[in-house]
Each structure stands twice: as structure tokens, then as C-alpha cells.
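This report concerns only the one structure given below.
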Amino acid sequence: MSLVSSGDVRYQGVLNHVDMANSRITLVNVRCYGSEGRRDPGPQVEGTDEVYAYVVFNGSEIKELTVVQPPPPEPAPTPPMDRAILTSSSVAPGPPAPSVPSAWGTSTASSYSVRLMQHLEAHAGVIWSMQFSRNGRYLATAGQDFVVRVWQVLSAAQPAADGEARGTGSPAVSRLGAGAAQAPALLLSPTPHRVYTGHKQDVLDLTWSKTQFLLSASMDKTVRLWHVSMDECLRVFKHSDFVTAIDFHPSDDRTFISGSIDGKLRLWSIPDQKVVSWQDVHEMVTAASYSPSGLRVVVGTMKGKCRFYAIQDSSLEYEAQLDVKNTRGQHARGKKITGLTFLPRSPSHLLITSNDSRIRRGRGGGAERARPGYNLRAKFKGHANRSTQIKASLSPSCDTIICGSDDGWVYQWAVPSRPGARPEDAVVKEKVLSYECFLAASDVVTVAMFAPERALATWPTQPGKGGAVGATPRVILAAGYGGEIKVFEDLHQP
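In the UniProt record's numbering, the protein residues as written are 1 to 494.
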């Protein structure tokens with residue numbers, strides 16, 4: 001969203017055009033806010049709040065503010081209703097629903113069902129980011145209410161108590177659906193373990209270190225450092241503009257990277273509390289990630305570019321650029337990169353989520369220490385991601401991609417592979433049109449992820465087929481515009 005001021009009124013919307021010569025800015029999907037940051041209850045242009053297209057002009061510099069209400073977008077394609085659908089009032093799994101042909105291709109012949117385990121009313125407003133700690137013991141969430149909450153992962157699958165099932169109406173309430181044949185288990189503590197306040201605007205990104213330090217990035221132009229054992233903020237790292245992306249070094253918790261709409265990628269030293277290296281990306285940075293070894297950094301931009309940097313002697317060195325776009329059609333111009341995820345066991349593989357409703361998989365041409373030379377090998381379609389900051393992620397075994405969607409559904413794609421090959425080394429066709437999905441919310445799902453194996457280490461295993469040894473259940477978390485966290489058990493038996 002772009003944010004501009006005029007007197008005591010602020011306008012917030014999606015950036016459409018910037019005329020630097022005349023200090024003129026054009027926004028679409030605009031909302032009006034009062035001087036205290038609260039939404040103005042008076043007349044306003046209807047629209048939707050979106051994140052990560054920011055330009056700020058001081059009120060005295062604005063010569064003209066043009067508000068444009070674009071035509072309504074085409075409705076998001078709704079998956080066929082005879083798929084396995086789960087709503088908050090229908091918790092018990094029904095008979096498996098076979099996959100059917102979709103609007104984008106024919107799906108695989110498999111069944112799919114899920115069960116709602118837990119429902120937390122976690123935030124007052126949109127949840128923009130949700131991250132498990134690396135040891136799997138905590139879940140951090142943050143978003144539009146400026147607050148960072150940390151939830152403790154329970155040590156084993158615990159049945160919900162009556163009080164937890166009813167809830168108390170507080171800002172963070174555990175609510176379980178009714179009608180399940182068996183009491184669902186709780187994954188998360190019903191109340192937050194920590195509530196961190198201090199940010200003055202939306203919190204856009206979160207990242208954990210290996211030693212349970214937590215960083216939060218915000219529209220208030222700061223990154224704040226916390227530790228799960230403490231209540232207070234430990235450090236504040238100031239930026240010149242909104243901070244849109246952060247990532248802790250995979251093995252060194254004294255270092256992190258940040259990306260901002262000022263077009264800068266920064267490498268920070270936490271003990272020194274200063275920038276030790278930076279690069280001008282020349283575009284608004286919308287996503288950033290370390291590679292698994294920490295030897296390389298990749299950033300995504302507003303115009304659909306991925307730029308790769310090597311880290312040598314605490315210095316960022318430019319290596320390569322990958323244009324993420326279609327070769328023709330309406331998406332031939334690059335769209336905003338909304339997520340970057342390296343495959344944990346294969347640093348040459350990268351998942352790229354973007355605002356053309358595509359998830360692409362890139363692969364480098366050699367070892368990570370070599371120049372990357374990434375190329376796009378596969379494209380996953382089916383979900384809707386036109387302007388929201390949605391990021392795809394992987395299952396713990398790396399055999400499934402999962403992603404939220406503008407239409408409230410959670411989508412999954414199986415990663416095809418050669419017999420005996422690791423999932424991350426799979427040879428896949430150019431377009432993957434087969435997917436499975438379930439309805440998780442009535443509004444946009446900004447985050448969908450699998451619970452890591454460490455979070456489920458003490459859970460009872462599911463019975464295997466034919467008396468085989470059972471496997472740890474797969475658990476899916478979804479969050480979005482409603483400020484809710486929903487926890488589902490994936491009942492699909494591979």
C-alpha cells in the first residue's frame with residue numbers, strides 16, 4: 001500500500017503511478033485514515049488494503065493526489081464444490097472426496113480430507129507473518145495490530161478442555177469447532193506465551209534465530225529484536241523507510257539481512273548495531289532470504305526480479321539476476337515477488353511466489369559456491385495471488401508445496417520425482433496443474449504452512465496401512481485477513 005498525508009488525513013492504497021518531476025502520486029484501492037492512524041469512519045473510496053508498494057510524500061510536497069477506483073477484478077476461480085471442503089461449522093471429516101478435473105487441468109486420482117483441530121482468535125486485523133522457531137517449540141505471529149505474539153507449542157497432542165473450547169472473548173481466544181466425532185487435539189497454547197508491543201505500524205515480517213531470538217520488521221521503519229525468554233525489546237534497528245523483509249543468518253545469530261522499499265538490501269551486525277554492508281537493488285525490495293548455508297542472499301522486487309548476492313568477508317557482492325515472468329500474455333511484465341523459499345536440503349533449488357498467481361521453482365547450474373545461473377524449471381498454478389503478500393512453503397519432507405490464496409482456500413501441489421530421487425532433485429514438467437485444496441477461511445489466507453517435524457515429535461503416530469508402522473500426522477496452519485489461526489490435521493494417507 002502507498003501512504004501519503006494531506007493535513008490530518010492519510011490516504012493508503014495500492015501504488016499506481018509516481019511522477020517524481022511534479023511530486024505527483026496516483027493510488028488505487030484507496031482508504032482514508034485519521035491523524036491517529038485509525039480508519040476514518042466518514043466517506044471513503046472503497047477498496048482493499050494491500051502491502052508492499054510504498055512511496056511516501058510529505059503533505060507539503062504533494063501537488064496533486066489522484067484517487068482512481070479501478071473496475072472490480074475478475075472473481076477468483078472457485079475450486080469445484082465436490083472437493084473436500086472444510087468450514088468452521090463442519091469439523092468432522094466426511095467420506096473422502098475424489099479429486100476432479102479443475103479449471104486449469106486434470107488433477108491426480110487421490111482423495112483428500114482434513115479436520116479442524118484448533119481455532120485461535122489471535123490478532124485484531126490481518127496476520128501478515130507467521131513463523132515457527134527453529135526448534136519447533138514456538139510460533140510467532142504478527143500483523144496489522146502492530147503486536148507480535150509468541151505461542152508455545154504443546155509438548156504432545158492434548159485434548160481441549162471445556163473452557164478452552166468455549167473461549168472467553170478475549171483478543172486471543174481458543175475456539176474449537178463442534179461436531180467432531182473425537183475431541184480435537186491442541187497444537188498451540190490457548191493464550192500467548194509472550195506479547196510484544198512497541199511497533200507503531202503494521203508488522204510485515206518475522207524471522208527466528210537458532211537460539212530463539214526473534215526479529216520483527218515493520219512499516220514504522222524499524223526492526224526490533226526480542227528473545228522468547230524476555231518481555232522487553234532488546235534492540236531497535238532504524239531504517240529510512242518501511243522494512244518489508246528480514247532473515248536471520250542460518251547459523252550465526254549475530255547477523256541478519258533486511259530489505260526495504262527504499263531499494264536497499266542491508267547486512268546488519270547485531271552486537272555492533274550497525275550496517276556492515278549494503279547493496280542498492282534499484283527497486284522496492286519485497287522479499288529476502290538467506291540460502292541454507294548462509295553463503296548467498298536472494299531478494300525479490302516489486303517488478304518481478306530476483307537478484308542474487310554472495311557474502312564474502314561480511315560484504316555483499318552482486319552475482320546474478322533472474323527475471324520472473326511469462327514469455328507472453330498479460331504476465332509478460334514481471335509481477336511483485338511475494339515469497340522466496342530455499343529447499344532446505346538442496347541450496348540450488350528455490351521456490352518463488354509472485355503476484356501473477358504462480359509459484360515457480362528455480363534451480364542453479366552448479367554448487368552453491370559457484371555463480372548461481374538460476375533458471376525456471378517448473379510452474380505451479382491453481383491458487384489466486386493477485387496483490388496480497390502470500391508466500392508458498394514446503395512440507396517437512398519437501399514432497400509437497402503449500403500456499404494460501406485470495407479466495408480463502410489452502411492449496412497443495414505434490415512435487416513429482418523420479419523413482420529413488422530426493423524430492424528436491426525431482427524432474428518436473430513445465431506446468432503443474434494438479435492440486436488439492438480445502439476451504440480454510442471466508443477471506444484471504446495470507447499464510448499457510450505445515451507444522452515442522454520438531455513441533456510434532458511427541459505426537460502419537462497415525463496407524464499405517466496394512467499394519468505398517470505409523471507416521472507422524474501432517475498438521476497445517478492457516479492465517480489471514482480475519483486475524484485467526486486455524487490448525488488442521490491432514491487426514492490424507494499417502
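Ideal Cβ positions, reconstructed from N, Cα and C, are used throughout, including at glycine.
- Taking the Cα positions, A414 is about 23 Å away from M130.
- For the pair G483 and V444, the CB atoms are not nearer than the 7 Å cut-off.
- If you ignore the 5 residues before and after I270, its C-beta comes within less than 6 Å of the C-beta of R254, all in its own chain and listed in chain order.
- A124 carries a coil assignment under DSSP once its states are collapsed to helix, strand and coil.
- In the DSSP assignment, M449 falls within the beta strand (DSSP E) that extends over 445–450.
- In this structure, the straight-line span from the alpha carbon of D406 to that of W128 is close to 13 Å.
- With the rule of 3 Cβ pairs closer than 8 Å, the region 240–256 counts as touching the region 221–230.
- Cβ-Cβ distances below 6 Å link D252 to nothing in the same chain once the five nearest sequence neighbours on each side are left out.
- In chain order, Q144, M219 place their CB closer than 6 Å to the CB of D202, counting only its own chain and leaving out the 5 sequence neighbours on each side.
- In the three-state reduction of the DSSP assignment, A287 falls in the strand class.
- The alpha carbon of Q212 has as its nearest neighbour, out of L267, M230, F237, D205, the alpha carbon of M230.
- Membership of S434 in any beta strand (DSSP E) is not indicated, and neither H nor E is assigned to it by DSSP.
- Between P452 and F237, the C-beta gap is not smaller than 7 Å, which leaves the two residues out of contact.
- By the Cβ-count criterion, Q312 is exposed, with fewer than 16 other Cβ atoms from all chains shown falling within 10 Å of its own Cβ.
- Take L204, set aside five residues on each side of it, and the residues of its chain with a beta-carbon closer than 6 Å to its own are W128, A217, T244, in chain order.
- Taking all protein chains shown into account, H119 has 16 or more neighbouring C-beta atoms within 10 Å of its C-beta and is therefore buried.
- Linking R137 to I476 through their CA atoms gives a straight-line distance of about 16 Å.
- Taking every protein chain shown into account, the CB of E283 has 16 or more other CB atoms within 10 angstroms, so this residue is buried.
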